[in-house]
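**Q** When the letters of the sequence shown are read in order and numbered with our numbering, they come out as residues 70 to 381. A virtual CB, placed ideally from N, CA and C, is assigned to each residue, including glycine. Computed from a predicted model, the values in this text were never measured in an experiment.
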Amino acid sequence: MRADRLVAALLLMQARGRVTAAELADELDISIATARRDLEALSTAGIPVYPQPGRNGGWQLVGGARTDLSGLTATEAQALFLLVGPAASIAPDAKAALRKLVRALPQTFREHAEAAAEAVVIDPARWGEHVKERPELVRRLQDAVVRRHRVRMVYGRATTERLVDPLGLVDKDDVWYLVAWTEQGQRTFRVDRIVSAEETAEEFTRPDGFDLAVAWSEIVERMEERRSGLTATVLMEERHVWVMQDRLGRNCQVDGMDGERARLLITAPTPLMIAQQLAGWGGSIEVVGPPSVQAELARLGQELVDRYGATG
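(1) For Ala134, does the count of other Cβ atoms within 10 angstroms reach 16, so buried, or fall short, so exposed?
(2) Mind checking Leu347: buried by the 16 CB within 10 Å criterion, or exposed?
(3) What does a CB cutoff of less than 6 Å around Val357 pick up in its chain, not counting 5 residues either side in sequence?
(4) So does the segment 260 to 268 actually touch the segment 234 to 249, counting three or more Cβ pairs closer than 8 Å?
(5) Tell me, to the nearest whole angstrom, how far the beta carbon of Thr269 is from that of Val214; I am working on the premise that it is less than 8 Å.
(6) Can Leu304 and Arg332 be called in contact, C-beta distance under 8 Å?
(7) Give a yes or no on whether the C-beta atoms belonging to Ala337 and Leu366 are separated by under 8 Å.
(8) Do the segment 287 to 300 and the segment 225 to 235 touch if we need at least three Cβ pairs shorter than 8 Å?
(9) Quick one: residues in its chain with C-beta nearer than 8 Å to the C-beta of Ala94, no 5 flanking neighbours on either side, listed in chain order?
(10) What does the alpha-carbon distance come out to for the pair Pro120 and Met82?
(11) By how many angstroms is the C-alpha of Leu238 removed from the C-alpha of Asp212?
(12) Run through DSSP, which three-state label would Asp242 get?
(13) Excluding five sequence neighbours on each side, which residues of the same chain lie with their C-beta closer than 6 Å to the C-beta of Gln314?
(14) Is the beta carbon of Ala77 sitting closer than 8 Å to the one on Glu92?
(15) Rounded C-beta distance between Arg217 and Phe273? I'm assuming under 8 Å.
(16) For the beta strand (DSSP E) containing Trp128, name the first residue and the last one.
(17) I need the straight-line Cα distance from Met222 to Arg295, nearest angstrom please.
(18) Leaving out five residues on either side along the sequence, give the residues of the same chain with a beta carbon under 7 Å from the beta carbon of Glu317.
(19) Note down, in chain order, each residue of its chain lying with its Cβ closer than 7 Å to the Cβ of Arg256, except the 5 sequence neighbours on either side.
(20) If I measure Cβ to Cβ from Gly225 and keep anything under 7 Å in the same chain, skipping five residues before and after, which residues do I get?
(21) What residue does the beta strand (DSSP E) around Gln121 start on, and which one ends it?
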């Protein structure tokens with residue numbers, strides 16, 4: 070029998086106390102004959118379950134025995150369903166799995182778990198747009214990650230193939246990235262720049278202690294450091310600071326007050342990139358330094374004067 074059906078059967082018996090072959094078949098979308106064989110296989114495998122004949126009979130754990138597979142506290146169950154619930158709003162498979170998980174929980178947890186699952190709905194489409202389908206390449210790479218199969222791929226402008234160990238995928242602001250192990254160590258690839266990718270039958274071993282969330286956090290930190298090679302000091306009215314921070318994110322830091330104005334530190338790789346971010350503010354801000362950013366602002370301003378100053 071399949072391991073996932075074994076787990077589901079145990080959880081159902083733990084939650085309900087007793088389950089019939091017909092009930093198990095209905096829950097798992099299998100035939101009654103298959104459900105009966107699965108229950109018998111559980112008993113044969115040494116799981117403490119036994120059948121009780123009669124009209125109100127069924128299968129149950131011996132002596133109220135319990136498995137620790139659903140040993141969640143009420144707080145843990147609520148946290149789990151707060152996390153899974155939004156995904157279920159956009160993924161049919163996740164919604165079906167969520168229903169089964171709710172039914173498998175102890176009765177006292179179900180009400181709060183269901184409320185948590187329905188507390189948030191994610192609408193990934195922007196206004197006026199349809200929901201974007203996950204790219205087919207992402208699905209194929211995801212399969213390789215789960216199966217621990219190496220991927221042969223061509224990336225960017227390269228013409229030669231490389232063999233990588235796919236460790237995980239990250240969706241950041243609607244851009245997908247593949248984190249993989251290569252001959253040169255861990256690397257990050259933009260999925261939309263992968264020219265071709267083919268899952269192989271060759272298996273790989275995931276590095277000990279690898280955590281995708283931790284790895285991605287380190288990648289982001291390194292990228293932000295590279296993108297923040299230059300810092301400009303800017304003065305602006307305090308009431309407008311939140312707008313600048315909303316636009317620039319972690320590239321805008323408050324560095325105290327200068328009289329009645331807030332002092333901001335704006336970072337970017339080049340003077341031009343900082344100037345382009347600040348030009349739209351016109352005279353409502355003051356760039357204290359460095360001179361390279363001031364010069365770029367002056368150049369941009371002169372370009373606008375040269376193009377539009379003589380009109381009218």
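**A** According to the data block:
(1) Against the sequence shown, residue 134 aligns to sequence position 65. Its pLDDT being 48, under 50, Ala134 is placed unreliably in this model, and the coordinates cannot settle the point.
(2) Translated into the one-based positions of the sequence shown, residue 347 becomes position 278. By the 10 Å Cβ count, Leu347 comes out buried.
(3) The count along the sequence shown starts at 1 and reaches residue 357 at position 288. The residues are Thr302.
(4) yes
(5) Indexing the sequence shown from 1 puts residue 269 at position 200. Indexing the sequence shown from 1 puts residue 214 at position 145. Wrong, their Cβ atoms sit about 13 Å apart, outside the cutoff.
(6) By one-based count along the sequence shown, residue 304 stands at place 235. By one-based count along the sequence shown, residue 332 stands at place 263. The answer is yes: Cβ separation under 8 Å.
(7) What you label residue 337 is simply residue 268 of the sequence shown in a count that begins at 1. What you label residue 366 is simply residue 297 of the sequence shown in a count that begins at 1. For Ala337 and Leu366, no; Cβs fall outside 8 Å.
(8) no
(9) Translated into positions along the sequence shown, residue 94 becomes position 25. Within the same chain, Ala94 has close Cβ partners Ser100, Ile101, Thr103, Ala104.
(10) In the sequence shown, counting from the first residue as 1, residue 120 sits at position 51. In the sequence shown, counting from the first residue as 1, residue 82 sits at position 13. About 12 Å.
(11) By one-based count along the sequence shown, residue 212 stands at place 143. By one-based count along the sequence shown, residue 238 stands at place 169. Approximately 11 Å between the Cα atoms of the pair.
(12) For the purposes of this step, residue 242 is taken as residue 173 along the sequence shown, with counting starting at 1. Reduced to three states, the DSSP call for Asp242 is coil.
(13) Here residue 314 refers to the residue found at position 245 of the sequence shown. So the qualifying residues of the chain are Cys321.
(14) Position 8 of the sequence shown holds residue 77. Position 23 of the sequence shown holds residue 92. No; because the gap between Cβ atoms is not below 8 Å, this pair is not in contact.
(15) Numbered from its first residue, the sequence shown carries residue 217 at position 148. Numbered from its first residue, the sequence shown carries residue 273 at position 204. At roughly 6 Å, the Cβ-Cβ gap stays under 8 Å, so Arg217 and Phe273 are in contact.
(16) Residue mapping note: residue 128 aligns to position 59 of the sequence shown, counting from 1. Trp128 -> beta strand (DSSP E) spans 127 to 130.
(17) Numbered from 1 along the sequence shown, position 153 holds the residue referred to as residue 222. Numbered from 1 along the sequence shown, position 226 holds the residue referred to as residue 295. In a straight line, the C-alpha of Met222 is about 27 Å away from that of Arg295.
(18) As a working mapping, residue 317 is identified with position 248 in the sequence shown. Correcting the residue identity first, residue 317 is Leu in this sequence and not Glu. Around Leu317: Ile335, Gln346.
(19) As a position in the sequence shown, residue 256 is number 187, starting the count at 1. Answer for Arg256: Ala249, listed in chain order.
(20) In the sequence shown, residue 225 corresponds to position 156, counting from 1. Correct list, in chain order: Arg262.
(21) Taking the sequence shown and counting its residues from 1, one reaches residue 121 at position 52. Run containing Gln121: 118 to 121, per the beta strand (DSSP E) assignment.
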